[in-house]
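Student: Sharing a structure with you now.
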């Protein structure tokens, strides 16, 4: 199916320029400009403010944008379903995920699923809970792994993950078999950025202590490198640390902060066939039945 003018327009808005959108779509800049002008003519409104090398939505553009994006998403869904008519041949499964899941949970599941359906294709998009939930809600991914608390999306818990204290080698706290959140709150903390739902910050709050946050970092492996350099202590997940905790000291936390890893979707009924089957496969292997 050819790329519609609605999808071309969304690409221009998302890219912020005709040039970037043309490159992403494989079109000429002239073709993209003509397509947008045709859409403006169809709607009888000016949708974009043209600047030097950039574009922005006009007032009418902001009014029309939700409907235009909805049409583009519907066209994407139609195309995916067309590809899936003959089973899962050529189907794409879009998954929002974070590093612990990407490293420990998804690879064996994808491998086993591909053995059953060798023609599927996976697109993984890395983020944190808040952004992943937003991607699911906005149909940028079909499925998303989140912290199973308050996303507002349907979800099922598939695993739990305990947080552990990560200390520089030779740190005084490493002399103990376990540490408390109160002890960690006295140290400069390198906080894992988990979006609006931070398991670590919630645990500190429940313990009645306020941590000394020195750094806030999204990437787990960057945090490990910073702890090795003695920049502070951190709290990271056991699934991420397994096999990677060299050059640091890892200790259990007395309060045992735990994350519920959940699989989320926007609507079970409208999930693309391939993504729904993969979700069923995940839930079956986690011992949980699918639920709309």
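Numbering (full-length UniProt numbering), first residue to last: 1 to 292. We put the beta carbon where it would ideally sit given N, CA and C, even for glycine.
Tell me which same chain residues have a C-beta within less than 7 angstroms of the C-beta of residue 71, skipping the five on either side of it?
Tutor: To locate residue 71, count along the chain shown from 1; it is residue 71. Closer than 7 angstroms at the Cβ level, and outside the excluded window around residue 71, lie 6.
Student: Output the distance between the C-alpha atoms of residue 66 and residue 48, rounded to the nearest integer angstrom.
Tutor: On the chain shown, residue 66 is found 66 positions in, with the first residue counted as 1. On the chain shown, residue 48 is found 48 positions in, with the first residue counted as 1. Roughly 14 angstroms between the two C-alpha positions.
Student: Quick one, which of 99, 79 and 58 has its alpha-carbon nearest residue 4's?
Tutor: As a working note, residue 4 is residue 4 in the chain shown. Cα-wise, what sits closest to residue 4 is 79.
Student: Let me know if residue 118 comes out buried or exposed under the rule of 16 or more other beta-carbons within 10 Å of its beta-carbon.
Tutor: For the purposes of this step, residue 118 is taken as the residue at position 118 of the chain shown. By the neighbour-count rule (16 or more Cβ atoms within 10 Å), residue 118 is not buried but exposed.
Student: For the beta strand (DSSP E) that contains residue 145, what are its first and last residues?
Tutor: Residue mapping note: residue 145 aligns to position 145 of the chain shown, counting from 1. Taken as a continuous stretch (DSSP letters only), the beta strand (DSSP E) holding residue 145 covers 143-147.
Student: Can you name the residues that DSSP bridges to residue 49?
Tutor: Sequence index remark: in the chain shown, residue 49 carries index 49 (1-based). For residue 49, which the question treats as bridged, DSSP gives the partners 56.
Student: By Cβ distance, which residues of its chain are closer than 7 angstroms to residue 29, with the 5 residues on each side in sequence left out?
Tutor: As a first step, residue 29 is located in the chain shown; it is residue number 29 there, counting from the start. 18, 19 and 22, listed in sequence order.
Student: Rounded to whole angstroms, what's the CA-CA distance from residue 93 to residue 75? Just pull it up for me.
Tutor: For the purposes of this step, residue 93 is identified with residue 93 of the chain shown, where counting begins at 1. For the purposes of this step, residue 75 is identified with residue 75 of the chain shown, where counting begins at 1. Going by the C-alpha atoms only, they are around 16 angstroms apart.
Student: Which partner residues of residue 157 appear in the DSSP bridge assignment?
Tutor: The sequence position of residue 157 within the chain shown is 157, counting from 1. Its beta-bridge partners are 262.
Student: Starting from residue 92, follow the alpha helix (DSSP H) in both directions and report where the run begins and ends.
Tutor: Your numbering for residue 92 matches position 92 in the chain shown. For residue 92, there is no enclosing alpha helix (DSSP H); the enclosing beta strand (DSSP E) covers residues 92-97.
Student: Can you have a look at residue 220 and say buried or exposed, based on whether 16 or more other CB atoms are within 10 angstroms of its CB?
Tutor: Taking the first residue of the chain shown as 1, we reach residue 220 at position 220. Buried, by the Cβ-count rule.
Student: So what's residue 202 in DSSP terms, helix, strand or just coil?
Tutor: Position 202 of the chain shown, counted from the first residue, corresponds to residue 202. Reduced to three states, the DSSP call for residue 202 is helix.
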